[in-house]
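Asker: Sequential numbering of the sequence shown, starting at 422, is according to the working numbering.
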Amino acid sequence: MFIKIVKGDKMKKLILVLLLAGVVPAQTFVVESVSGDVKYQEGGSESWVSLKAGDTVGDDIVISTGSNSSVLLKGENEQFKLGELAAVSVSNIKTMDIDELLLALAMEDIMNAPKKIEKNSDNTAVYGTETGKDNKPIIKSNDFGIKRLNGAVELAGNGFEESAVVAARETFRKYPGTKNIPSYRIYFANILYNKGLYEEALDEYVDIQKLKLTDEKRAEVNKKTESIKMKLLSE
Numbered sequence: 422m423f424i425k426i427v428k429g430d431k432m433k434k435l436i437l438v439l440l441l442a443g444v445v446p447a448q449t450f451v452v453e454s455v456s457g458d459v460k461y462q463e464g465g466s467e468s469w470v471s472l473k474a475g476d477t478v479g480d481d482i483v484i485s486t487g488s489n490s491s492v493l494l495k496g497e498n499e500q501f502k503l504g505e506l507a508a509v510s511v512s513n514i515k516t517m518d519i520d521e522l523l524l525a526l527a528m529e530d531i532m533n534a535p536k537k538i539e540k541n542s543d544n545t546a547v548y549g550t551e552t553g554k555d556n557k558p559i560i561k562s563n564d565f566g567i568k569r570l571n572g573a574v575e576l577a578g579n580g581f582e583e584s585a586v587v588a589a590r591e592t593f594r595k596y597p598g599t600k601n602i603p604s605y606r607i608y609f610a611n612i613l614y615n616k617g618l619y620e621e622a623l624d625e626y627v628d629i630q631k632l633k634l635t636d637e638k639r640a641e642v643n644k645k646t647e648s649i650k651m652k653l654l655s656e
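(1) For T477, count neighbouring Cβ atoms within 10 angstroms of its own Cβ and tell me buried if that reaches 16, exposed if not.
(2) Which whole-angstrom value is the C-beta distance of E575 and G504, which I expect to be below 8 Å?
(3) Please return the same chain residues whose Cβ sits closer than 8 Å to the Cβ of G457, not counting the five positions on each side in sequence.
(4) Using alpha carbons as the reference points, say which of K595, L522, E529, I649 lies closest to Y626.
(5) If you run the structure through DSSP and keep just helix, strand and coil, what is Y596?
(6) Between Y461 and L526, what straight-line distance do the alpha-carbon atoms span, to the nearest angstrom?
(7) Using a Cβ-Cβ cutoff of less than 8 Å, which residues in the same chain neighbour A657 once the five nearest sequence positions on both sides are dropped?
(8) Just to confirm the assignment, what range does the beta strand (DSSP E) spanning V642 have?
(9) What's the gap between the Cα of S604 and the Cα of K502?
(10) Return the residue from the list E656, A610, K652, E582 that minimises the CA-CA distance to E521.
(11) Using only the alpha-carbon positions, how far apart do K631 and L623 sit?
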């Protein structure tokens with residue numbers, strides 16, 4: 422199956438190959454350590470179960486942490502630490518290359534079109550510190566969509582930046598209210614920018630400009646937008 426992506430005035434073409442016949446083996450992790458309140462949810466279950474050291478978790482597991490809680494997972498080739506007030510799908514704890522990221526973003530675009538009218542009542546954020554060290558957004562809330570975004574930030578912090586962007590996009594789609602929080606939107610747009618995915622980053626920054634931004638954030642977004650436009654013009 423071939424997916425052709427055409428974006429921008431220069432009609433840049435990107436052809437990505439999705440091998441439907443090849444199935445990526447399911448990844449499992451062993452829980453190395455648990456601190457505080459850490460729970461998991463399996464498959465389509467609505468029940469949350471306490472996670473313990475020594476447990477094994479697979480791709481169909483979602484892990485969620487409470488305040489002052491964390492969990493350390495160890496896989497065959499990867500290790501991942503999830504901090505407090507965050508949630509992550511084990512399936513997102515993986516290394517991706519740029520082509521895989523672009524394919525995943527293309528699939529997200531397909532799933533987002535046509536856009537449905539959805540209520541934003543999911544977003545019950547309680548704003549705390551806007552950003553923490555390394556300019557990472559830290560917004561504490563009981564809202565699960567925000568927990569998922571915190572989990573995506575943790576993915577990036579653990580070196581899974583491509584997968585973090587995909588996890589964030591999935592969250593923005595499933596919890597549309599979270600798209601209105603500038604700190605997260607800018608954080609993940611900056612990842613795209615830093616990886617040289619300028620057209621994809623530009624789409625994000627243009628959309629972010631429609632949000633209610635502080636003067637500082639608007640200046641940052643405007644600067645990145647102009648920088649990308651100059652880069653694209655020079656190509």
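Beta carbons: idealized from backbone N, C-alpha and C, even for Gly.
Nothing here was measured: the structure is a model prediction, and the numbers come from that model.
Answerer: Quick answer:
(1) Counting from 1 along the sequence shown, the entry for residue 477 is found at position 56. Per the 10 Å Cβ criterion, exposed.
(2) Within the sequence shown, numbered from 1, the residue matching residue 575 stands at position 154. Within the sequence shown, numbered from 1, the residue matching residue 504 stands at position 83. E575 to G504, Cβ: 6 Å. Contact.
(3) On the sequence shown, position 36 is the one that residue 457 refers to. T486, G487, S488, N489, S490, S491, E505, listed in sequence order.
(4) To locate residue 626, count along the sequence shown from 1; it is residue 205. Of the listed residues, the one whose Cα sits closest to Y626 is I649.
(5) Working through the sequence shown from its first residue, we reach residue 596 at position 175. In the structure shown, Y596 sits in coil (DSSP, three-state: anything other than H, G, I, E or B).
(6) As a working mapping, residue 461 is identified with position 40 in the sequence shown. As a working mapping, residue 526 is identified with position 105 in the sequence shown. So the two alpha carbons sit approximately 27 Å from each other.
(7) Examination of residue 657 is not possible in this model, given that the chain is present from 422 through 656 alone.
(8) As a working mapping, residue 642 is identified with position 221 in the sequence shown. Counting along the chain, V642 falls outside any beta strand (DSSP E), though it belongs to the alpha helix (DSSP H) covering 636-655.
(9) Working through the sequence shown from its first residue, we reach residue 604 at position 183. Working through the sequence shown from its first residue, we reach residue 502 at position 81. The alpha-carbon atoms of S604 and K502 are separated by roughly 22 Å.
(10) If you number the sequence shown from 1, residue 521 lands on position 100. Comparing Cα-Cα distances from E521 to each of E656, A610, K652, E582, the minimum goes to E582.
(11) Along the sequence shown, one-based indexing puts residue 631 at 210. Along the sequence shown, one-based indexing puts residue 623 at 202. Their backbone Cα atoms lie some 13 Å apart in a straight line.
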